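FYI, the numbering for the sequence shown is 0 to 528, going by numbering that gives the first Met the number 0. Glycine is no exception: its CB is placed at the ideal position from the N, C-alpha and C atoms. This one's a predicted model, so the numbers in the text were calculated from it and none came from an experiment. Let me begin by presenting the structure, written as C-alpha cells, before commenting on it.
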Amino acid sequence: MAKQVAATKEKLPKDLMTSAWILALGAIPPMLDSTMVNIAINKLQFDLNTSLNMIQWAITGYVLALAVAVPICGYLVNRFNGKKIFQWSLLAFGLFSFLSGISWDITSFIVFRAVQGFSAGFITLLMTTLLMKIAPADKLGQLMAIIGTPIIIGPIIGPIIGGAIVQYANWHWIFYVNVPIVLVSVILNIKFLQDFAPFNPKARLDWFGTLLLAAGSVGLIYGLMKGSDNARHFFNGQMITFVALGLASFVGYAIYNAVRHNDTVLPLRFFKSKHFTAANVGIFMAGIASNGPMLLLPLYFQNTRQFSVIQAALMLIPQGLGLLIARPILGRLIDRLGARPVVLVSVLISLVGTLPFVWIHLDSNLYYIELLLFVRGIGIGGLQMPMMTDIFIGLAKQDIPGASVGQRIIQNVGASFGSAVVSAIVTAIIISQNVSDKVRTHATHYAAHLMAQMQAHVAATHTAPNASAIAGLKQNVSTNASQYAEHVLRLAQLQGYQVAFLVSSVMLLVIAICALFMSSKLGHKTVMA
Numbered sequence: 000m001a002k003q004v005a006a007t008k009e010k011l012p013k014d015l016m017t018s019a020w021i022l023a024l025g026a027i028p029p030m031l032d033s034t035m036v037n038i039a040i041n042k043l044q045f046d047l048n049t050s051l052n053m054i055q056w057a058i059t060g061y062v063l064a065l066a067v068a069v070p071i072c073g074y075l076v077n078r079f080n081g082k083k084i085f086q087w088s089l090l091a092f093g094l095f096s097f098l099s100g101i102s103w104d105i106t107s108f109i110v111f112r113a114v115q116g117f118s119a120g121f122i123t124l125l126m127t128t129l130l131m132k133i134a135p136a137d138k139l140g141q142l143m144a145i146i147g148t149p150i151i152i153g154p155i156i157g158p159i160i161g162g163a164i165v166q167y168a169n170w171h172w173i174f175y176v177n178v179p180i181v182l183v184s185v186i187l188n189i190k191f192l193q194d195f196a197p198f199n200p201k202a203r204l205d206w207f208g209t210l211l212l213a214a215g216s217v218g219l220i221y222g223l224m225k226g227s228d229n230a231r232h233f234f235n236g237q238m239i240t241f242v243a244l245g246l247a248s249f250v251g252y253a254i255y256n257a258v259r260h261n262d263t264v265l266p267l268r269f270f271k272s273k274h275f276t277a278a279n280v281g282i283f284m285a286g287i288a289s290n291g292p293m294l295l296l297p298l299y300f301q302n303t304r305q306f307s308v309i310q311a312a313l314m315l316i317p318q319g320l321g322l323l324i325a326r327p328i329l330g331r332l333i334d335r336l337g338a339r340p341v342v343l344v345s346v347l348i349s350l351v352g353t354l355p356f357v358w359i360h361l362d363s364n365l366y367y368i369e370l371l372l373f374v375r376g377i378g379i380g381g382l383q384m385p386m387m388t389d390i391f392i393g394l395a396k397q398d399i400p401g402a403s404v405g406q407r408i409i410q411n412v413g414a415s416f417g418s419a420v421v422s423a424i425v426t427a428i429i430i431s432q433n434v435s436d437k438v439r440t441h442a443t444h445y446a447a448h449l450m451a452q453m454q455a456h457v458a459a460t461h462t463a464p465n466a467s468a469i470a471g472l473k474q475n476v477s478t479n480a481s482q483y484a485e486h487v488l489r490l491a492q493l494q495g496y497q498v499a500f501l502v503s504s505v506m507l508l509v510i511a512i513c514a515l516f517m518s519s520k521l522g523h524k525t526v527m528a
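Structure, rendered in C-alpha cells:
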C-alpha cells in the first residue's frame, strides 16, 4: 500500500507528459468549438432564419456523427499508425470548421457540422486510446487528468471567445478561429509526437455493427425531437415510430453480437465487468446531467435575464473556474482512491450546485447564481474522468481499442441525449403554455378595459373620440400586448429550464448508484498491470 501511494507521488516521465499534452492540445479545437456554438445559438437561429429545434439538429448531428466515427476510428487505429490518423483527423476538422463558417443556410450548416463532428470523433477517441497504450497503471489517473484539459479550457474560454466573436464580429469567426489552432497542433504532432504501432494489423471494420449502433442512436434522438414538436401529443405516431426503430436497432445489435460471438465493434462481453457497466451507465447519465444544462445556461442568461451574448458568456466563467480547480487534484485522487469515492463526492457537490436551479426566478440574485455555477463546476469536473478510468479495470491490453470504442459511443450518445432532452422539455413546456392564446385573451380584456374608460369619458364630457384618440388606443393595446407576450414567454422558458435542471439532478442520483459498483482502488487488475 505504501509503495502504491509513493508511486503516485512520482513525477510523470518527460516523454510521457509531452505526448499527453500534445494529444490534449489536439482536442482543444473540438471542445472550444462546441462551447462557442452553444453561446451563439440565438444568433445562429436568427441569421439562418430557422427554429431552435433545427439549430439543435446541428448540435445533435455533430455529436451523432462523432459517435458514428468512433467505431471506424477504432478499426483504423487497429490497422495503421495512430500518429498519422491523428494528424489527418486534425486537418479534416480544420477544413470543415472553415466550411461551417461559410455556411449559407441551415442545411449546409447541419451537413458541414456533421462532417466536422465525424473528424472530432477520431480526435477524441485517439486522444484516449493512444495514451492508454503507453500509460503505466499507477499514472493512469494523472494522465487522464492531463487529457481532460480540453474539458477545462472549453467551458472557461470557449463562451468568452464565442461571446466576443458573436457580439463584435459575426458567428462565422467561431469556426474560422479553429483553423490556426489546428495548424499549430499538426506541426507539434509531426515534430514531437511518437509513432504508435497498430494494435491489431489484421482487424476488420464491423460495418454492420456500426450501422446498427448508428441507427439506434439516430432513431432515439430523432424520435425524442419529434415528440417535442407536438407537446400536446408528445407520444405521437412519428415519435413512437422512430423510438421503436432505435430500440429495434439496439436489440438487433445484441442479437448480431451473440451470433458473432462478441467479434463486433463493441463486444457486449465487456458488460460482464461491473466496472465497465457501471462506469458506462454513469457516463451516459453524466451526458444528460452535464450537457443538458450546458445548453440551457446561455439561453437562461440571454432569453430569461435578457443579457447580451458577451454578458452571458462572462456569467459562465465561475463554472469553468470550478472545473479548473477540480482537475489538478483529480488525477492523484483517482490513482490513490479509485473511482467510487471520487464520483460520490463529485455527485454530492454537483447536486448542491444544480438542484437550486429548480427554484430559480426571473430576478434571482446574480451573486447567488454565480456561486451555484462555481460549485457546480467543481462537482461536474470530477464526474467523467474517474468513470472513464474505471472502464479499463480488469480488461486485457488487447481490449483497449474495443473498450475505448464502447466508452466513446456511450459518452457521445449520452451527450446528444442530454441536449435533446432539455431542448424537448423547454420546447414542449413553451408550447403547452399557449402563449399566443394567453396574449390574445389578455389583449382582448385590456382593449375592453380601455374602451370602457373611453366610453365613460365620452359619457361624462359628451364629446366623441377623435381619430387621434382611437389611434392612441390601438397603439396602447399593441404595446401592452407585446410586453405581456414577452413576459409570458420568459415565464414559460423559465419553467422549462427549471424542469430540465430537475431532470439533471435526478440523473446525478443515478450516477451515485452506479458509483457504488465502481472500484475503490486502482492498480490491482488494470490493463497495464
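Item                                                                                                                                                                                                     : Value
Which same chain residues, not among the five before or five after Phe195, have their C-beta less than 7 angstroms away from its C-beta?                                                                 : Asn80, Gly81, Lys82, Leu129, Lys132
Could you spell out the range, first to last residue, of the alpha helix (DSSP H) harbouring Pro64?                                                                                                      : The question names Pro, but residue 64 in the sequence shown is Ala. Residues 51-78.
Taking Cβ positions, are Ile145 and Gly161 nearer each other than 8 angstroms?                                                                                                                           : no
Mark His274 as exposed unless 16 or more other C-beta atoms lie within 10 angstroms of its C-beta, in which case mark it buried.                                                                         : buried
Within the same chain, show all residues whose beta-carbon is closer than 6 angstroms to that of Ser422, passing over the 5 residues directly before and after it, in chain order.                       : Gln55
Check Trp358 in the structure and name its three-state DSSP category.                                                                                                                                    : helix
In three-state DSSP terms, what is Arg203?                                                                                                                                                               : coil
DSSP three-state call for Trp87: helix, strand or coil?                                                                                                                                                  : helix
From Leu521 to Ile392, what does the alpha carbon distance come to, in whole angstroms?                                                                                                                  : Its pLDDT being 47, under 50, Leu521 is placed unreliably in this model, and the coordinates cannot settle the point.
Quick one: measure Cβ to Cβ for Ser519 and Gly337, integer angstroms, because I've assumed they're closer than 8 angstroms.                                                                              : 5 angstroms
Express the C-alpha separation of Ser50 and Gln44 in angstroms, rounding to a whole number.                                                                                                              : 6 angstroms
Starting from Val250 and walking both ways along the alpha helix (DSSP H), at which residues does that stretch end?                                                                                      : 236-258
What does the Cβ neighbour count give for Leu125, buried or exposed, with the cut at 16 atoms within 10 Å?                                                                                               : buried
Residues in its own chain within less than 6 angstroms of Gln410 by CB, not counting five upstream and five downstream?                                                                                  : Ile282
With DSSP run on the structure shown, which of helix, strand or coil describes Phe529?                                                                                                                   : The question about residue 529 has no answer here: the residues shown for the chain are numbered 0 through 528.
Identify, in the order they occur along the chain, each residue of the same chain with its Cβ nearer than 8 angstroms to the Cβ of Leu508, setting aside the five sequence neighbours on each side.      : Val346, Leu350
Ignore the nearest five residues each way along the sequence and tell me which others in Leu22's own chain have a CB closer than 8 angstroms to its CB.                                                  : Phe85, Leu125, Met126, Leu129, Leu130, Ile146, Leu192
Where Asn41 and Asn48 are concerned, what is the direct C-alpha to C-alpha distance, given to the nearest angstrom?                                                                                      : 10 angstroms
When the distance is taken between beta carbons, is Phe111 closer than 8 angstroms to Cys72?                                                                                                             : no
Given that a residue counts as buried once 16 or more other Cβ atoms are within 10 Å of its Cβ, and exposed if not, what is Val250?                                                                      : exposed
Would Gly25 and Leu89 be called neighbours here (beta carbons separated by less than 8 angstroms)?                                                                                                       : yes
So, under 8 angstroms CB-CB, Pro158 and Ala312 are touching, yes? Tell me the CB distance rounded to an integer number of Å.                                                                             : 4 angstroms
Alpha helix (DSSP H) containing Gln383: first to last residue?                                                                                                                                           : 383-389
For Ala491 and Ile424, which I take to be in contact (beta-carbon distance under 8 angstroms), what is that distance rounded to the nearest angstrom?                                                    : Not a contact, Cβ separation roughly 12 angstroms.
Assign Gln318 to buried or exposed, taking buried as 16 or more other Cβ atoms, counted over all protein chains shown, within 10 Å of its Cβ.                                                            : buried
Below 8 angstroms on the Cβ atoms is my contact criterion, and I expect Ala243 with Ile510 to pass it. Report the Cβ-Cβ distance as a whole number of Å.                                                 : In fact, because the Cβ distance is near 28 angstroms, the residues do not count as touching under 8 angstroms.
Whether or not the region 171-185 and the region 93-102 are in contact is what I'm after, with contact meaning three or more pairs of Cβ atoms, one per stretch, closer than 8 angstroms; do they touch? : yes
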